[in-house]
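Residue numbers (our numbering): 1152 to 1786. Beta carbons are placed, not taken as given, at the ideal position from N, Cα and C, and that holds for glycine.
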Amino acid sequence: MNPPVISPSNPLVESERFRLLVQSVNDYAIYMLSPEGIVSSWNSGAQRFKGYTADEIIGQHFSKFYRDEDRARGLPSNALNTARTSGKFEDEGWRVRKDGSFFWASVIIDPIQDDDGNLIGFAKITRDITERKQAAESLHASEERFRLLVQGVTDYAIYMLSPAGIITNWNAGAKRIKGYEESEVIGTHFSRFYTEDDQQTGLPAKALATATALGVFENEGWRVRKDGSKFWAHVVIDSIKNANGELIGFAKVTRDVTERRKTAEELKKAQAALFQAQKMESIGLLTGGIAHDFNNLLNIVSNSVALLRPSLDGAKEIRLLEGIEKATSRGSLLIQQLLAFAKQQTFTLERRNVNRIVESFESVLRRANNSLIQFNIKLADHLPPVEIDVAQLESAMLNLVINACDATPSGGKILLTTEAIQLSEHEIEKLPAGNYVKISVLDTGHGIPPEIISRIVEPFFTTKPIGKGTGLGLSQVYGFAQQANGTLQIISSNGQTTISIILPSLSEDVMDLHQEPASEIALIVDDQPDVLEIAAEVFKTLGYDVICANSAREALEIIERSKGIDVLFSDVMMPGMNGIELGHKAKTIMPNIKVLLASGFTTPVLKERYSGLESFDLVTKPYKVSEIAKKLRSV
Ligand SMILES: Nc1ncnc2c1ncn2[C@@H]1O[C@H](COP(=O)(O)OP(=O)(O)OP(=O)(O)O)[C@@H](O)[C@H]1O
Ligand SMILES: [Mg+2]
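Right, here's the structure in full:
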C-alpha cells in the first residue's frame, strides 16, 4: 500500500512540491504510517531526530521508536487507536533513537481517510523537546526544593496572602506558632490572627496598605493563637509584584518573640528593683547613722532631765521640765521609727499567731477610724505562726490603718485582712519560695499616684500637711517587714489601695505558746487623766475588765472594798502616796495581787529616790501593749 501524497494516481505538481517541502523540514519528524503502523514515508527531520535513514526504517513498525516498557504497556497501538477513534492523538513521552539513546518527544498523530471515509493511514509529527523538558524540569525541581525548604521551616511562620489578604499557603512554622492546620486557614483572611482591638482599629488592612505602598511592612505586636492564647510576634509582610508591577500577593514571615520580650521586660524590672533596693539601702545607712547620733543626744537630754528633777521645787520649773520630758519621749518615738527603718532596732522576737495579735489590738485600730469609715476585719480561718516583735507589728498595723483613714477623708471602706499564702521563688521581690502570712490593709481612698509609689516608704516622705505626718510611718513598716525577713507590698489601682506586710511563716509543729489573758480585773492608777485613759485602753485590749483610780488613796479604797482585783497597774510618781508604797499596801491586803508599776523614769533614777522598788516589775513609759502583756505573764 502506497502513502497517499506520493500516490501515482495523483499526478499533480502541487503534491510533488508538497512532498519535497515535507521531506526537507528539519525541525519536525514528519512521516506516515500505514493503518497497521508500518512506516511508509520519512523526512529529513525524522532522520535527524531518530537516526534512521528512509531505507532503514520504511517498512518497519513504528513501535520501534518506543521504549521496551512502553511497548509492553501497549502504548503504540493505544496511540493509533486513540487517533482513529478521536480523530487525533497528542502526547509527550520518551522515544528511542537508532543508537538506543532516549529523547523526549512531543507527538501528534492524525488519521488519514480517503474520500469514502476509509482509514488509509496516519500522519505523524514528532518533535524533540528534550531540552525544553529539561529546563522545565529543573525549574520545577528548584521550585519544589524551595517549597520544601519553606514548608520545613519551623521557627518562622512563612505563608502567602492574596492581594486581598486571603491565606494561600501555610508552612510547618505557621502551624507550630499559630496552632492551625493548613486546611483550617487556607482560603480565610489573615486578620484572624490579630487581637480584637487590632482588628477593630484596622491594623491588618493598614499592614497590607503599607506593604503595598512601601514594598514592606514590619512591626511587633500581640497575635492570637488558635487556642486563644497570645504571643508577641515580629512580623514582616513583603508585597509581591509581577513583571508588570502588578500586585499579585504578599509574603508574610512571622516570628514568635514572646520569650525575648519577656526576658527584656524581666531585665528591666530587675534593674528597677536593684536600683530601688540600692536606694533604700543607702537611705537606710544614712538614716541609721543619724538616728544613732540623735539617740545619743536624746539620751543625754533625758538622763539630765531625770537627774535634775529631784532637785527642783518650784511648780513652774517642774512644768517646764515636764515639757522637756514630753518632747524627749516624742523624740525617742521618732528615733525608734527611724531605727526601725534602718533595720537597727532591737527586736523582741516571739512566735505568735497574727490573728490573735489583731484581735487584741482591734479596739486601738477601731479608734483610729472615724464615723465616715466602714472599718472591717477579716481574719483567715487558720494561720501558721510567725516570729515577730509584737509591738512592731502593732505599730505597723496602726500606721497602715491611720494612713488608710487619712486617704479616705470623705468616707469609704477600710478592710484589714490576714491570709496564709504560698509564694514561689521570686514571685514577690526576692522572697524565697515558701509559706507566708499576709496582713493587708485595703482602703477605697484617693490612692497613691504611680509617680510617688516607689518613694512613700522613704523616711520623711509625706504628702500630708506640716504637723499631720512625719513621713516615718511606712518607713517603720518597711523596716519591720524587712527585718522580719518579709516585705512590704504596695498596690494602688482602680480606686483601691492595698498595703500588705508579708512575713515568712513558721512550721506549725511548735505550739503557739502565747496564752490569752483571762478576763481578770485590773486596777489602773495614775494622777494624769489622759495617761490613765490610755493605760485603761491597753488593759481592755489585753482582755481585762478595768477599774480606774486617780490617786493611790483612791486605789487603796477600791482594793479594800472589792477583794477581787487581779492586777494593780500604777504610776510611780504621784502626789501623796507613790506607786511603790501603794504596791506594798495592796500586797498586804491582797497577797496574790499582781503589781506592775509604770514610770517615765528608768529604774536607777527611781531607786535613787525611792526604796522598795525591787519588789516590783516596772515598765518604762511610753510603754507598749506587748511589753505590758509580757511583764504581766512574768509577774
Ligand atoms: N493608703 C494610702 N493611700 C494613699 N496614700 C498613702 C496611703 N498610705 C500611705 N500613703 C502615702 O504615703 C505617704 C507616706 O506615708 P507614711 O505613713 O510613711 O507617712 P505619713 O503617714 O505621711 O506620716 P506618719 O505616718 O509619719 O504620720 C503618705 O504621706 C501618703 O502620701
Ligand atoms: Mg502614716
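Looking at the DSSP output, residue 1451 bridges to nothing. Taking 7 Å as the cut-off, the C-beta of residue 1550 counts as close to a heavy atom of ligand 1. Across the structure, residue 1435 and residue 1445 are spaced so that their CA atoms are roughly 15 Å apart. In this structure, ligand 1 has a non-hydrogen atom nearer than 7 Å to the beta-carbon of residue 1615. Taking a 10 Å sphere around the C-beta of residue 1545, we find 16 or more other C-beta atoms and assign the residue as buried. Taking all protein chains shown into account, residue 1461 has fewer than 16 neighbouring C-beta atoms within 10 Å of its C-beta and is therefore exposed.
In the three-state scheme derived from DSSP, where H, G and I count as helix and E and B as strand, residue 1241 is classed as strand. Every alpha helix (DSSP H) stretch that sits fully inside the segment 1480–1525 and reaches 4 residues is listed by chain position as 1505–1519.
Under the Cβ criterion (8 Å, minimum of three pairs), the segment 1459–1474 does not count as touching the segment 1523–1543. A direct Cα-to-Cα measurement between residue 1277 and residue 1245 gives close to 11 Å. Annotation for residue 1310: 1318, 1320, 1321, 1322, 1325 and 1403 place their beta carbon closer than 7 Å to its own, counting only its chain and skipping 5 residues before and after.
Residue 1644: member of the beta strand (DSSP E) spanning 1638–1644, first to last residue. If you check the CB distance, residue 1373 and residue 1412 do not come in under 8 Å. Here residue 1651 is buried, its C-beta having at least 16 other C-beta atoms within 10 Å. Counting other Cβ atoms within 10 Å of its Cβ, residue 1573 stays below 16 and is therefore classed as exposed. Put simply, the segment 1723–1731 does not touch the segment 1686–1698. Fewer than three CB pairs are less than 8 Å apart.
One alpha carbon belongs to residue 1614, the other to residue 1624, and they sit about 12 Å apart. Taking 7 Å as the cut-off, one finds no heavy atom of ligand 2 near enough to the beta carbon of residue 1330. The Cβ atoms of residue 1626 and residue 1492 lie closer than 8 Å to each other. The beta carbons of residue 1392 and residue 1329 sit about 26 Å from each other, so the pair does not count as a contact at 8 Å. A heavy atom of ligand 1 is found nearer than 7 Å to the CB of residue 1607.
With a threshold of 16 other beta carbon atoms within 10 Å, residue 1607 meets it and is buried. Looking at 1452, 1487, 1488 and 1490, the one whose alpha-carbon comes closest to that of residue 1473 is 1452. Fully enclosed beta strand (DSSP E) runs of no fewer than 3 residues occupy 1307–1312 of the segment 1295–1354, in order along the chain.
In this structure, the beta-carbon distance from residue 1744 to residue 1738 falls below 8 Å.
Where residue 1557 is concerned, there is no enclosing beta strand (DSSP E), although the alpha helix (DSSP H) around it starts and stops at 1541–1557.
Sequence-distant Cβ neighbours of residue 1636 in its own chain, meaning closer than 6 Å and more than five residues away, are 1655. Residues 1638, 1640 and 1653 of the same chain have their beta carbon placed closer than 7 Å to that of residue 1579, with the five preceding and five following residues left out of the count. Taking 8 Å as the upper bound for CB-CB distance, residue 1256 and residue 1271 are not in contact here, some 24 Å apart. Under DSSP, residue 1383 forms a beta bridge with 1373.
DSSP places residue 1682 inside the alpha helix (DSSP H), whose first and last residues are 1680–1692. A distance below 6 Å between beta-carbons, with the five flanking residues on each side excluded, links residue 1205 to the following residues of its chain, in chain order: 1193.
Beta-bridge pairing by DSSP links residue 1610 to no other residue.
Under the DSSP assignment, residue 1570 falls in the beta strand (DSSP E) whose first and last residues are 1563–1574.
Non-local beta-carbon contacts of residue 1495 in its own chain, meaning distances under 8 Å to residues more than five positions away in sequence, involve 1439, 1442 and 1443 in chain order. Here residue 1550 is buried: its Cβ has 16 or more other Cβ atoms, across all protein chains shown, within 10 Å.
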